[in-house]
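Below is one structure; the comments refer to it alone.
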Amino acid sequence: MLYAVLVYETAHETEARNHPERAGAYWGAYKAYSDALVQAGVMAGGNALQPISTATTVRIRDGKRDVQDGPFADTKEQLGGMFVIDVPHLEAALEWAARCPAALTGSAEVRPILPMNG
Numbered sequence: 001m002l003y004a005v006l007v008y009e010t011a012h013e014t015e016a017r018n019h020p021e022r023a024g025a026y027w028g029a030y031k032a033y034s035d036a037l038v039q040a041g042v043m044a045g046g047n048a049l050q051p052i053s054t055a056t057t058v059r060i061r062d063g064k065r066d067v068q069d070g071p072f073a074d075t076k077e078q079l080g081g082m083f084v085i086d087v088p089h090l091e092a093a094l095e096w097a098a099r100c101p102a103a104l105t106g107s108a109e110v111r112p113i114l115p116m117n118g
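Using UniProt numbering, the first residue of the sequence shown is number 1, and each one after it goes up by one.
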């Protein structure tokens, strides 16, 4: 079964991606996690996202498109990326989410992937 592990990080952690003194540890932790997923044969996809400051939100209100640049709400944690894993059940997905670096300082949300019936 496919599950998404949604990576939520604080702004402080997201800033570590490019911080001269913290980037090595940040990316090293995610590389180790990704490598473990691949070695276990459960990695099915995923990507990191650009910072929330690059986001654009689109809504249709009264038939008109409303576009807002940047984050819509001021939140403590931001969606930083996701991993898609293929594991037999929710408990296995939760075990992998607990190993995600974001679980230490932010959160790792697990959601089953909804199959698209064509």
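The beta carbon of each residue, even a glycine, is placed where N, CA and C say it ideally should be.
Which residues DSSP lists as bridging residue i, in chain order
i: ASN47; result: MET82
i: THR56; result: ASP69
i: PRO112; result: TYR3
i: GLU77; result: THR10
Run of the beta strand (DSSP E) containing residue i, from where it starts to where it stops
i: VAL5; result: 2-10
Sub-8 Å separation of residue i and residue j beta-carbons
i: ALA11; j: GLN78; result: yes
i: ILE113; j: TRP96; result: no
i: MET82; j: GLY46; result: yes
i: VAL87; j: VAL42; result: yes
i: ARG99; j: LEU6; result: no
Secondary structure of residue i, DSSP reduced to three states
i: LYS64; result: strand
i: GLU21; result: coil
i: VAL38; result: helix
i: ALA102; result: helix
Best match in the options for proximity to residue i [C-alpha to C-alpha]
i: THR14; options: VAL5, TYR3, TYR30 and ALA4; result: TYR30
i: SER53; options: GLY80, MET43, LEU2 and VAL110; result: GLY80
i: VAL108; options: MET1, GLU9 and LEU2; result: According to the sequence as given, residue 108 is Ala; it is not Val. ALA108 has its Cα closest to that of GLU9, out of MET1, GLU9 and LEU2.
i: TRP27; options: ALA48, ALA44 and LYS76; result: ALA48
i: ASP69; options: ARG17, PRO20, ALA55 and ALA40; result: ALA55
i: LYS76; options: GLY106, GLU91, TYR3 and MET1; result: GLY106
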